[in-house]
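What follows is one structure encoded as structure tokens, with my remarks underneath.
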Amino acid sequence: MASDRPGRNGRPTGPRRPVILEIDEAGPEPAPGPAEAPPVPDEPYPDTEEAAAGPPAAERALRRAARSSRTSWIGRLFWTGIGGLVALGLTLWLTEFVARLFERAAWLGWLGAALLAAAAIALLAVLLREAAALARLGRVEGLQRLAASALASEAPGPGLRLLEGLAGLYRARPELGAAETLARGRGIAEGPDIVAFAERRLMPGLDTAAEGAVSRAAGRVATLTALLPMPALDLLLVLLVNIRMIRRIAEIYGGRAGWLGSWRLLKAVAAHVVATGAISATDDLLGPLVGGGLLGQLSRRFGEATVNAALTARVGTAAIEVCRPLPFRARPAPKARNLVLGALKGWRGNGR
Amino acid sequence: MRLGEIADSLLERVETATERAGAWFEPSLRIGVTGLSGAGKTVFITALAASLLHRGRLAGFAPEAEGRILSAGLGSQPDPALPRFAYERHLEALTAVPPRWPESTRSVSQLRISLRHRPAGILGGIGAGGVLHVDIVDYPGEWLVDLPLLEIDYDAWAEAALAAARSPARRAHAAGWLKALASADPAAEHHEPAAEALAAAFSDYLARCRRAGLAALAPGRFLLPGDLAGSPALTFAPLPAPEAPRKTSLHAEMRRRFEAYKRVVVKPFFQDHFARIDRQVVLIDALGALAHGPRAFGDLMESLEGTLAAFRHGRAGWIERLLGGRRIDRLLIAASKADHLHHSAHGALTRLVEAMVSEAAGRAAYRGAELRGVALAAIRATVEHEASAGGRPLAMVRGRRADTGREIAVHAGSLPDDPAALIAAAADPGTAAADWPDAAFAQIPFAPPRWSTDAGKGPPHIRLDKALDFLIGDRME
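Chains U and L are the protein sequences, given in the same order. Residue numbering for the first sequence follows the working numbering, starting at 20 and increasing by one per position. Residue numbering for the second sequence follows the working numbering, starting at 94 and increasing by one per position.
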């Protein structure tokens, strides 16, 4: 190895001066050329847009939901005690009831026992399914955390683990091509690029489906509010449509929420909506639609319908951010305004 | 038989009709590749076309990563009067054994790349999708420095050119021409041999400046005349204004020729190729300028600022769009040849080029254009190499030297994190020092990498996919 250093004035060659080394080509193994070398990683460079955005909304919502679910130990003790007592009482009452059936007649007793066993098996199945659903939600949350750490790291490690997790989550849905994404993603050098790659390959179809679900729910809520005469009933139905929408979104992104999971999701989404102040900011969604409140004044019911639809769209976008395994980085996040306008497209003509 | 003929002619008519209608439905996107001589325009365009045709290395290009590109091909170009960009010849040079860099560009040429794609989002499943034509023009970078001439008149130009020639940075190169100038009398009657001698001395001075790595070398046709060699429009030189101007003096004749040069050379060049572009890439070979010292660096900065001022950045209003007017709504400031530096220096390189054109960039951003800076290598000729020098680890790049063909590892010099010191040292190219006060840089030409399109892969590159995504990705949504 000869070295040739164009340093001037005989000054020692510091790292600030150019250095040229001739490389002995008869090395132990031929080094890869540029065509085979892995791509160079990006030097972390402050991206003003990303820096200004702060932590993604979904992350904030998750943190908030986690905080609200942590009740005090006294409360937990109380609920555990009460729950245990109710369960014990129920079991006692059922066994005594079956025993009394046996006293009455043997065949009645056997029928009762068989019915009890069937109910117990069904309950077990439901519990198992709920547990599986919760585990799946937990998996999506784990992927979200993994994505966050991949976005922050220069090394490909967390990104590749994320791809593996995604491939596992979507194993039952080969049309998404998660396995192929994993295979192709191995060539990418750096965490954020892997996340962007996965998002671009896996999320577009899911996003479209989720946005469609939100749009449909918003439209349904608007119709219900406009057509149902009873205020109390429409509140209940709106809640129901919203829960169904959230479940649907969770299913689309691979969460497959059970009832317990849905409840948890609803809490997280509600926390999200409250935290982002979306409820009070609903009016700006409707500006172009209601036209300065004129239509709303013409028909109070129409005004209520649009407000409810807008809220549903807000809840829907929040649900998407909570359920999506990857944050919105490479692809644009859905806008509640576009969704509600899409849902109410036919309404403008009708309203006039 | 009859029926067949009728069907044929009918089909033909339908085809031409759809072709004509197609122009309305198939949008075209004109990318203006702006860069001075040696910035790497031809390589950039060749690599861009090759990467779009062989898309194996475009993970950072959203339409490709989402699998939305159905096919890509070289279309027939829109302007029948322009020669076609010699894509195949350049590609052949790059993929030959041993590979060569494409020859430097000597005339204007054009290339159209047509991309058939599926739209993103809700419409994704519906319809056959759209076609986007990407039009790119290649031209000699020497001609770009003429654009600022459109704004000034002969006397202002001559004064600036004379002042620059007498500055410490150029005095040595200008000796021959200044001697010829001293013996000429601007007020004398026009005499063609005298004018020719002055023009020849002037172009000799420009050529000397270019060899020293300087960039502000207007008028560009003096270095690369194209088909105008020897014409009166190219036979002039800056002269000081005489005290008693006469219509038939040498000075007046020179002024007429300067105006003719602007009219017949600069203006058509600008209007045909730059006035109607949608996206702009500014390729800056910052390391090459750094290696030539503060004078060349400052010269490059000044030329870039002057050149970029000629472009219309910002968003076109709806009336403008209706009338077919276009504006550059995205501006990519690209540090080319980033493969000469280890990736740990790419951030500093990006900041440096952004600072070099900060004035023009600020103006473009103010008018609503979207800006991005990137350090890229359209074709990557090196791999990263870690070595130690004087006991300390040193981040280097390794590649094959273009002149000797030997494998070398290079540390081209350390870029400061904050480019302000470099910018300040080169602020006035005329009086700047000959060397950097506290640093030195080298640019060793590397031979192109060995590579072929057989595996469906384009040339190895650095961040070309991200640059593409910024330039055309949004138009394929």
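Quick reminder that beta carbons are idealized off the backbone N, C-alpha and C, glycines included. In this text, all values refer to a predicted model and were calculated from it rather than measured experimentally.
Per-residue burial, residue i [other beta carbons within 10 Å of its own, 16 or more giving buried]
i: glycine 280/U; result: buried
i: proline 331/L; result: buried
i: isoleucine 101/U; result: exposed
i: aspartate 212/U; result: buried
i: tryptophan 112/U; result: exposed
i: arginine 211/L; result: buried
i: isoleucine 99/L; result: exposed
i: threonine 443/L; result: buried
i: phenylalanine 116/U; result: exposed
i: glutamate 340/U; result: buried
Cα-Cα separation between residue i and residue j, rounded to whole angstroms
i: arginine 408/L; j: alanine 458/L; result: 10 Å
i: arginine 36/U; j: aspartate 531/L; result: 9 Å
i: alanine 540/L; j: leucine 564/L; result: 28 Å
i: arginine 556/L; j: glycine 153/L; result: 8 Å
i: proline 538/L; j: aspartate 432/L; result: 11 Å
i: arginine 356/U; j: valine 233/U; result: 12 Å
i: glycine 161/U; j: leucine 181/U; result: 9 Å
i: isoleucine 140/U; j: glycine 128/U; result: 18 Å
i: arginine 239/U; j: threonine 325/U; result: 11 Å
i: arginine 350/L; j: leucine 397/L; result: 25 Å
i: arginine 343/U; j: arginine 267/U; result: 12 Å
i: histidine 284/L; j: arginine 199/L; result: 31 Å
i: glutamine 163/U; j: proline 552/L; result: 35 Å
i: leucine 310/L; j: glutamate 346/L; result: 22 Å
i: glutamate 143/U; j: leucine 130/U; result: Correcting the residue identity first, residue 143/U is leucine in this sequence and not glutamate. Each residue's alpha carbon lies about 20 Å from the other.
i: alanine 165/L; j: glutamate 199/U; result: 22 Å
i: glycine 313/L; j: threonine 139/L; result: 24 Å
i: tryptophan 236/L; j: leucine 317/L; result: 8 Å
i: leucine 165/U; j: leucine 345/U; result: 9 Å
Beta carbon of residue i nearer than 9 Å to that of residue j
i: phenylalanine 534/L; j: glycine 506/L; result: yes
i: alanine 517/L; j: tryptophan 194/L; result: no
i: alanine 482/L; j: alanine 428/L; result: no
i: arginine 420/L; j: arginine 405/L; result: yes
i: glycine 426/L; j: leucine 464/L; result: The sequence given here places isoleucine at residue 426/L; glycine does not occur at that position. Yes, these two residues count as a Cβ contact at 9 Å.
i: methionine 569/L; j: leucine 208/L; result: yes
i: serine 130/L; j: arginine 303/L; result: yes
i: alanine 352/U; j: arginine 219/U; result: no
i: glycine 224/U; j: serine 172/U; result: no
i: phenylalanine 216/U; j: glycine 231/U; result: no
i: alanine 273/L; j: alanine 294/L; result: yes
i: alanine 471/L; j: histidine 554/L; result: yes
i: isoleucine 265/U; j: leucine 285/U; result: yes
i: arginine 543/L; j: proline 191/L; result: yes
i: alanine 362/U; j: alanine 241/U; result: yes
i: leucine 201/U; j: alanine 191/U; result: no
i: phenylalanine 178/L; j: alanine 142/L; result: yes
Cut-off 8 Å between Cβ atoms - residues of its own chain near residue i, not counting five sequence neighbours on either side
i: histidine 366/L; result: Gly125, Val201, Val230 and Tyr232
i: proline 261/L; result: Gly523 and Thr524
i: glutamate 479/L; result: Pro486, Leu487, Ala488 and Met489
i: alanine 513/L; result: Ala448
According to DSSP, residues forming a beta bridge with residue i
i: leucine 464/L; result: Leu424/L
i: threonine 475/L; result: Gly492/L
i: isoleucine 555/L; result: Ala470/L
i: arginine 485/L; result: Ala482/L
i: histidine 183/L; result: Looking at the DSSP assignment, histidine 183/L forms no beta bridge with any residue, so it has no partner.
i: alanine 141/U; result: BP columns for alanine 141/U are empty, so no partner.
Close beta carbons around residue i, own chain, < 7 Å, minus the five adjacent residues each side
i: lysine 550/L; result: His147, Gly149 and Arg150
i: arginine 42/L; result: Limits of chain L in this structure are 94 at one end and 570 at the other, which puts residue 42/L out of reach.
i: serine 168/U; result: Pro177
Close-in-space but distant-in-sequence residues of the same chain around residue i (CB under 6 Å, 5 per side omitted)
i: glycine 128/L; result: Lys134, Gly234 and Leu376
i: serine 56/L; result: Only positions 94 to 570 of chain L appear in the structure, and residue 56/L is not among them; the question remains open.
i: glycine 399/L; result: Pro241
i: aspartate 528/L; result: Gly386
i: alanine 186/L; result: Arg193 and Pro195
i: methionine 394/L; result: Met449
i: alanine 474/L; result: Asp432, Gly492, Phe539, Pro541 and Pro542
i: glutamate 452/L; result: Glu398
i: threonine 336/U; result: Pro353 and Ala355
Any non-hydrogen atom of the ligand SAM closer than 8 Å to residue i Cβ
i: valine 257/U; result: With respect to the ligand SAM, the structure shown offers nothing to examine, as it has no ligands at all.
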